[in-house]
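Protein chains in written order, with our numbering: chain A, 1 to 114; chain B, 1001 to 1114. Note sheet for the following structure.
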Amino acid sequence: AQKVTQAQTEISVVEKEDVTLDCVYETRDTTYYLFWYKQPPSGELVFLIRRNSFDEQNEISGRYSWNFQKSTSSFNFTITASQVVDSAVYFCALLSNTGNQFYFGTGTSLTVIP
Amino acid sequence: DTGVSQDPRHKITKRGQNVTFRCDPISEHNRLYWYRQTLGQGPEFLTYFQNEAQLEKSRLLSDRFSAERPKGSFSTLEIQRTEQGDSAMYLCASIPLQGTTEAFFGQGTRLTVV
């Protein structure tokens, strides 16, 4: 079974604070892909990052960083020095080896307070 | 424009009417997905195409829903005899068959059934 769990439903932080969004996944596939998407109030899903199961290197892109740990089946997302524009719902997703569907978590709603 | 394009962006329809949405994937992307998202929820899988073949279909896709992808290019999603419960955002995504690097979603079609 494939499953993505985002235990944090809502998070509020004050601007400039760091925040980490958790994502835990389940899969029996040895090859799979993990994604993070941002969904602002406009509704579109904005692609942030993709990771494949063979690449456990952490990645940093500006204020964003991702920590992929296969040992704990986690793919956490950290925003450093948060800004009001970071306020959105963030989704973690798993694409199976067959590529037949994305499995989404329930999302974490982040509010950055000025 | 090299992104995934969806049309229309918004659709208001009366209950019982039929509606059709269109998705134009990124050129040369073989895989195409349809998802549905209701307010406060994560995207739910509806169906998956690899080229023109519909390979996966969710149980959510009742007999009132049908999707096509003629010639493996654009795709249409039709809902017949719409119900108020069909009100949602309908999202389309595409990725290449090989070398999954990024997975882009369109801006979605927001359907309101009154």
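Virtual Cβ for every residue (Gly too), placed ideally from N, Cα, C.
Short CB-CB distance (under 8 Å) between residue i and chain A
i                 : result
Gln1107 (chain B) : yes
Leu1055 (chain B) : yes
Leu1111 (chain B) : no
Leu1091 (chain B) : yes
Glu1078 (chain B) : no
Gly1042 (chain B) : yes
Phe1065 (chain B) : no
Ala1088 (chain B) : no
Glu1102 (chain B) : yes
Arg1036 (chain B) : no
Neighbour flag for residue i against chain B, beta carbons, 8 Å
i                : result
Gln101 (chain A) : yes
Glu56 (chain A)  : no
Leu45 (chain A)  : yes
Thr106 (chain A) : yes
Leu117 (chain A) : It is not possible to answer for residue 117 (chain A), since the shown part of chain A is limited to 1 through 114.
Sub-8 Å separation of residue i and residue j beta-carbons
i                 : j                 : result
Glu1102 (chain B) : Arg50 (chain A)   : yes
Val24 (chain A)   : Ser82 (chain A)   : no
Thr1109 (chain B) : Pro1008 (chain B) : yes
Arg1036 (chain B) : Glu1083 (chain B) : no
Leu1111 (chain B) : Ser1087 (chain B) : yes
Arg1031 (chain B) : Gln1050 (chain B) : yes
Gln6 (chain A)    : Ser96 (chain A)   : no
Thr1076 (chain B) : Thr1020 (chain B) : yes
Gly1040 (chain B) : Phe91 (chain A)   : no
Val89 (chain A)   : Gln8 (chain A)    : no
Nearest-angstrom Cβ-Cβ length linking residue i and residue j, presumed shorter than 8 Å
i                : j                 : result
Asn100 (chain A) : Tyr1048 (chain B) : 5 Å
Leu34 (chain A)  : Leu94 (chain A)   : 6 Å
Glu26 (chain A)  : Ser73 (chain A)   : 7 Å
Ser65 (chain A)  : Thr78 (chain A)   : 5 Å
Close beta carbons around residue i, own chain, < 6 Å, minus the five adjacent residues each side
i                 : result
Ala1093 (chain B) : Tyr1033, Ala1103 and Phe1105
Gln1080 (chain B) : Asn1018 and Arg1064
Contacting residues, own chain, Cβ-Cβ under 8 Å from residue i (five flanking each side not counted)
i                 : result
Lys70 (chain A)   : Ser53 and Glu56
Ile11 (chain A)   : Val19, Leu21, Thr108, Ser109, Leu110 and Thr111
Met1089 (chain B) : Arg1036, Gln1037, Thr1038, Gly1108, Thr1109, Arg1110 and Leu1111
Gly1003 (chain B) : Ile1026, Phe1104 and Gly1106
Ser1058 (chain B) : Glu1044, Phe1045, Leu1046 and Thr1047
Cutoff 7 Å; reference residue i; Cβ partners in own chain excluding five residues on either side
i               : result
Leu87 (chain A) : The question names Leu, but residue 87 (chain A) is Ser in the sequence shown. Cβ within range, chain order: Leu110, Thr111 and Val112.
Ser84 (chain A) : The sequence given here has Val at residue 84 (chain A), not Ser. Glu15, Val112 and Pro114.
Any contact of the region 1059-1068 of chain B with the region 105-113 of chain A, i.e. 3+ C-beta pairs under 8 Å? No, the region 1059-1068 of chain B does not touch the region 105-113 of chain A.
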